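Chains as they are written, first to last, in the working numbering: chain F, 1 to 452; chain Y, 1001 to 1452.
Right, here's the structure in full:
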């Protein structure tokens, strides 16, 4: 019998991130300039990103060193524990083992600081004074606010309106760390004002908030932009988590059969699962990777793989990804971090190349799964994380039907302390299975850029 | 250079709790029956408490075994880390070392489950079907809701009205774990109805909520009462934390010069500090213990040491403690867990016997301290924990003035994720130094029971 928790010490925090680009069977297609439709060059991104991050975006190197000052901040909460959900196993009466990596212990309460900290660090190193960003549920905004406080930078956050209203404490948290926070669309940017004029009642979207943050950064010399998911360098930083998990499974003398994560932009799933990929790609070990997305925003299971804008206003380069179209505004379900129209190019490529299996789940089944987890394992999970829990339960129930003693592991990417109103709604029977408008989706997809 | 975090593994979770009663130079005076003023016998407590807990309340044994099923639940989050606040040290420019024990990683977000779990366990063992309790800020209520879920029991919680309104997500959390929650005073009990009739606008108090929970338990055969602090058995359970901290300081090759904790009922402070007491009592090692209370509810620094009721309606036995009188209703400051009129008899005795130094701090200085901590160490602390942080900063500033390289350690008893409205109020300049009414205090003290 192993311990319930596999605990590492600080010396086990990885010293390098893992870059899947080095091992992907078919390489990524490059981002395109939205005007010329030609591949963009690194210097075209320089007004928005630190040069070191641009290099990480395109590098094919397998291992990238983690700077010491970043590891020092990681030590505030890393390494995180790998925990066996024995009580959940008993509740499900499954022969499978269920393990979860618990990323909610970071100051901001999720995996997001894994990338916020290096992004703030590299920008500070290059003399940038302020970072502008978007946030959905607020996990990323909190994380960047925290990270900027560590390196003495200012921070401006555009928070998707529906989450701004649903989760006011997230805004308070960002302000407590010294950031300024605005409901998006706001009247501070051209992009925001245009959207507000067209639809004053809009619930907002990550695509819109990204437009505002990019515009803010582009208009100010001392300001850069930071993105919380989707881009290669963000997924790279998140692998600190999966690399720890690999070591922990080694300590437990196990290799997982199935890895499960929720996907919005794709970074928490990628960070957890990608470090296990090399053996799978080389055919040395069996492993299934399951990406769980919300049925109300199903880029992987319903979207085409196409070049599309990362934002709604069309300010960003075109990325090749599974997408619902950059005009798609998902319904206001509670997993705000999963309300994004596209999917990280690296996750998209892994799905295209049959390395990752996507599934879509509905809101109600995720909250049911989250409450079962909270009652059995104690932790109150974020609505996003409930998608991963639901995915793990689906696998555990399959194992029960098939009588298999598989090892299932999922990334519990954050706590739900700021999301209790969603649980209230569920418990009082007011929550529904939010669904999107098929016509709006068709219209959004009809407007995919001409590059395709 | 030691690690920033001293990490234990599951085998380091203590197998016994430590009972200060075995080492206290002068023994505790017994609780008295409120009618006869004679010491109460254990069987008089039997309608409210499990027999095993009553035994723990009075035992003089130094070590009490922790049952295996309790240790199994502890493993959901224990052992917790001892962390060196290097970034706070730098922000304060102090020669002192500052360490904190981080208890906010429990499912409920504080130290409270350390006692909620054994209380639920012993009651479940003895066939009790439901526990009734009070809660201030909601940390204790959440913890008991979580603990009852682990042992299949029902749970009813009376939450002090001001906190019920200030911290709605705490109620949601309790409901998510399956408990029922009522704003106190409520119309469900005689005690509650009487208070409501006298003052419909009352902000409530822990004393009132205790009356309601005790009455609920006394009126129902299948129901027992659970208290989150004050009583000897609660402080006993909390020592699991200080025992871990002792081991961690040993691993770091250190012995603390000063231990700091906030005090409301006294259990988090006692649990952290008492296990370091034997060497101090025997004169083998130097050690200062500082108990930090809110200036707006200053039982240790303003109250007499006297026999008093634990609740407002006068339903409980009389306990000998520093008290502001059981009729005292503290102003509605945000550290709801510290809004209690009395102090644990064991902490009171330790103060009386010059083993513990009490200090009182104001609301604004605690939030200032909490924000400095959040910006430097990342974690967003509970308003209660901000009192401990303020106490540690006072010691660190003294060390700076005196040029001393002392080792200061405090108990960071909980996170502030449910308390962000308080930070909002502070950041927007709306928070004040809540203070109590001197006349009301005098009146309350004039009504101390005749036993004195």
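Note that CB positions come from ideal geometry on N, CA and C, so glycine has one too. All of these numbers come straight from a predicted model, not from anything done at the bench.
Best match in the options for proximity to residue i [C-alpha to C-alpha]
i, options, result
"residue 15 of chain F", "F:237, F:45, F:111", "F:237"
"residue 304 of chain F", "F:262, F:131, F:276, F:349", "F:349"
"residue 489 of chain F", "F:245, F:298, F:28", "No statement about residue 489 of chain F is possible, as the shown extent of chain F runs from 1 to 452 and does not include it."
"residue 1222 of chain Y", "Y:1313, Y:1289, Y:1169, Y:1127", "Y:1127"
"residue 1003 of chain Y", "F:3, F:6, F:4, F:12", "F:12"
"residue 255 of chain F", "F:88, F:17, F:90, F:407", "F:407"
"residue 96 of chain F", "F:281, F:397, F:7, F:167", "F:397"
"residue 82 of chain F", "F:98, F:390, F:44", "F:98"
"residue 184 of chain F", "F:175, F:218, F:211", "F:211"
"residue 1087 of chain Y", "F:39, F:206, F:298, F:149", "F:149"
"residue 1176 of chain Y", "F:103, F:372, F:189", "F:372"
"residue 1166 of chain Y", "Y:1431, Y:1422, Y:1427, Y:1270", "Y:1422"
"residue 1030 of chain Y", "Y:1071, Y:1226, Y:1345", "Y:1345"
"residue 292 of chain F", "F:440, F:410, F:376, F:331", "F:410"
"residue 1017 of chain Y", "Y:1232, Y:1281, Y:1347", "Y:1232"
"residue 1060 of chain Y", "Y:1138, Y:1020, Y:1392, Y:1405", "Y:1020"
"residue 381 of chain F", "F:400, F:392, F:416", "F:416"
"residue 1389 of chain Y", "Y:1400, Y:1399, Y:1413", "Y:1413"
Endpoints, alpha helix (DSSP H) assigned at residue i
i, result
"residue 1311 of chain Y", "No alpha helix (DSSP H) contains residue 1311 of chain Y, which DSSP labels as neither H nor E."
"residue 140 of chain F", "139-150"
"residue 1161 of chain Y", "1161-1166"
"residue 1242 of chain Y", "1232-1251"
"residue 131 of chain F", "First-last for residue 131 of chain F: 130-135, but that is the beta strand (DSSP E), not the alpha helix (DSSP H)."
"residue 52 of chain F", "51-58"
"residue 1390 of chain Y", "1383-1402"
"residue 1373 of chain Y", "1363-1377"
"residue 1196 of chain Y", "1190-1198"
"residue 1100 of chain Y", "Premise fails: residue 1100 of chain Y lies in the beta strand (DSSP E), 1097-1102, not in any alpha helix (DSSP H)."
"residue 272 of chain F", "267-273"
"residue 1284 of chain Y", "Where residue 1284 of chain Y is concerned, there is no enclosing alpha helix (DSSP H), given that its DSSP letter is neither H nor E."
"residue 420 of chain F", "420-427"
"residue 1072 of chain Y", "1068-1074"
"residue 352 of chain F", "345-352"
Residue interval of the beta strand (DSSP E) (run including residue i)
i, result
"residue 1224 of chain Y", "1223-1226"
"residue 1261 of chain Y", "1258-1262"
"residue 1018 of chain Y", "1016-1018"
"residue 411 of chain F", "407-412"
"residue 126 of chain F", "First-last for residue 126 of chain F: undefined, no H or E at that position."
"residue 1010 of chain Y", "First-last for residue 1010 of chain Y: undefined, no H or E at that position."
Contacts that residue i makes with chain Y (C-beta to C-beta distance below 7 Å)
i, result
"residue 159 of chain F", "Correct list: empty, because the minimum Cβ distance to chain Y is about 14 Å."
9 Å Cβ cut-off: residues of chain Y touching residue i
i, result
"residue 421 of chain F", "1168, 1169, 1172"
"residue 107 of chain F", "1374, 1377, 1378, 1379, 1380"
Cross-chain neighbours of residue i in chain F, by beta carbon under 9 Å
i, result
"residue 1003 of chain Y", "9, 10, 11, 75"
Where residue i meets chain F, residues with beta-carbon distance less than 7 Å
i, result
"residue 1149 of chain Y", "375"
Do the stretch 1145-1164 of chain Y and the stretch 1174-1193 of chain Y make contact, defined as three or more Cβ pairs closer than 8 Å?
-> Taking a cut-off of 8 Å on C-beta distances, the stretch 1145-1164 of chain Y touches the stretch 1174-1193 of chain Y, as three or more cross pairs fall below it.
Just by C-beta distance, which residues in the stretch 362-383 of chain F are closer than 7 Å to chain Y?
-> Along the stretch 362-383 of chain F, going in chain order, the ones with a CB nearer than 7 Å to a CB of chain Y are 371, 374, 375, 377, 378, 379, 380.
Taking a Cβ distance cut-off of 8 Å, strictly less, list which residues of the stretch 134-145 of chain F are near chain Y, in chain order.
-> Answer set for the stretch 134-145 of chain F: empty.
Determine which residues of the stretch 1413-1438 of chain Y have a Cβ less than 8 Å from any Cβ of chain F, and write them out in chain order.
-> Taking 8 Å as the upper bound on Cβ-Cβ separation, chain F lies near residues 1415, 1417, 1418, 1420, 1421, 1423, 1424, 1427 of the stretch 1413-1438 of chain Y.
Between the stretch 1316-1332 of chain Y and the stretch 1117-1130 of chain Y, do three or more beta carbon pairs fall short of 8 Å?
-> Under the 8 Å Cβ criterion, the stretch 1316-1332 of chain Y does not count as touching the stretch 1117-1130 of chain Y, having fewer than three qualifying pairs.
Which of the residues in the stretch 1175-1186 of chain Y, read from start to end, lie with their CB under 8 Å from any CB of chain F?
-> The residues in question are 1175, 1176, 1177, 1178.
Name, going along the chain, the residues of the stretch 5-28 of chain F whose beta-carbon falls closer than 7 Å to a beta-carbon of chain Y.
-> For the stretch 5-28 of chain F, which is checked against every Cβ of chain Y, the residues closer than 7 Å are 5, 7, 9, 10.
Segment contact flag, the stretch 1106-1119 of chain Y with the stretch 1140-1147 of chain Y, C-beta cutoff 8 Å, min 3 pairs = Judged by Cβ distances under 8 Å, the stretch 1106-1119 of chain Y makes contact with the stretch 1140-1147 of chain Y, as three or more pairs qualify.
Three or more C-beta pairs below 8 Å linking the stretch 1255-1265 of chain Y and the stretch 1331-1345 of chain Y | The way I'd put it, the stretch 1255-1265 of chain Y does touch the stretch 1331-1345 of chain Y; three or more beta-carbon pairs between them come closer than 8 Å.
State whether the stretch 130-137 of chain F contacts the stretch 1363-1383 of chain Y, with contact taken as three or more CB pairs (one from each stretch) at a distance under 8 Å.
-> In short, these stretches do not touch, since the Cβ pair count stays below three.
Are the stretch 204-220 of chain F and the stretch 239-253 of chain F touching by the rule of at least three beta carbon pairs closer than 8 Å?
-> No, the stretch 204-220 of chain F is not in contact with the stretch 239-253 of chain F.
Please confirm if the stretch 1033-1048 of chain Y is in contact with the stretch 1294-1302 of chain Y, defined as three or more CB-CB distances below 8 Å between the two stretches.
-> With the rule of 3 Cβ pairs closer than 8 Å, the stretch 1033-1048 of chain Y does not count as touching the stretch 1294-1302 of chain Y.
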